[in-house]
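Novice: Residue numbers (our numbering): 16 to 163. Note that beta-carbon positions come from the ideal geometry of N, C-alpha and C, so glycine has one too. Remember, predicted model here, so these are calculated numbers, not experimental data.
1. What three-state label does DSSP hand residue 49 in the structure shown?
2. So, is residue 17 buried or exposed, given that buried needs 16 or more other C-beta atoms within 10 angstroms?
3. Specify the secondary structure class of residue 17 as computed by DSSP and reduced to three states.
4. Report back the beta-carbon spacing between residue 117 and residue 141 to the nearest angstrom; my notes put them in contact at under 8 Å.
5. Give me the Cβ distance between residue 83 and residue 95, rounded to the nearest whole Å; I'm assuming they're in contact under 8 Å.
6. Nearest-angstrom Cα distance between residue 127 and residue 54?
7. Count the other C-beta atoms from every protein chain shown that fall within 10 angstroms of the C-beta of residue 115, then say buried if there are 16 or more, exposed otherwise.
8. By how many angstroms is the C-alpha of residue 131 removed from the C-alpha of residue 139?
9. Measure the CB-CB distance between residue 148 and residue 134 and report whether it falls below 8 Å.
10. Measure the C-alpha to C-alpha separation of residue 86 and residue 40 and round it to an integer number of angstroms.
11. Would residue 27 and residue 129 be called neighbours here (beta carbons separated by less than 8 Å)?
In structure tokens form, the structure reads like this:
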């Protein structure tokens with residue numbers, strides 16, 4: 016039970032970090048600093064958030080696998096691939112894709128290099144996937160809170 020409580024708390028903190036960065040920190044930078052400086056600051060903050068998200072996802076993945084294993088050993092008839100695991104893996108995928116695929120492409124467009132999509136299209140895609148990750152993690156936190 017304590018592990019589930021910790022898992023729930025961790026998912027809630029993760030959701031809070033994502034929302035705080037995307038809804039408070041980044042917009043505040045653009046409201047108070049020159050556009051180029053704000054963009055550099057936001058890029059750095061989102062990079063830190065991505066690394067935190069990787070850590071949160073790995074920890075929650077390990078906890079969920081243990082929780083499901085314990086339930087299976089207790090005789091529960093459930094799938095090894097739980098909805099909570101899928102939510103965690105979905106958020107992990109979006110983090111990896113955003114940070115290690117989209118972010119380098121965005122940097123390339125800012126440096127004047129040719130890419131498949133424009134800066135605006137890449138930024139829009141990145142923002143959409145970021146908020147999709149926020150929704151997945153918020154749903155995960157909500158589900159875990161309800162499982163107590």
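Specialist: To lay it out plainly:
1. coil
2. exposed
3. helix
4. 5 Å
5. 6 Å
6. 16 Å
7. exposed
8. 14 Å
9. no
10. 40 Å
11. no
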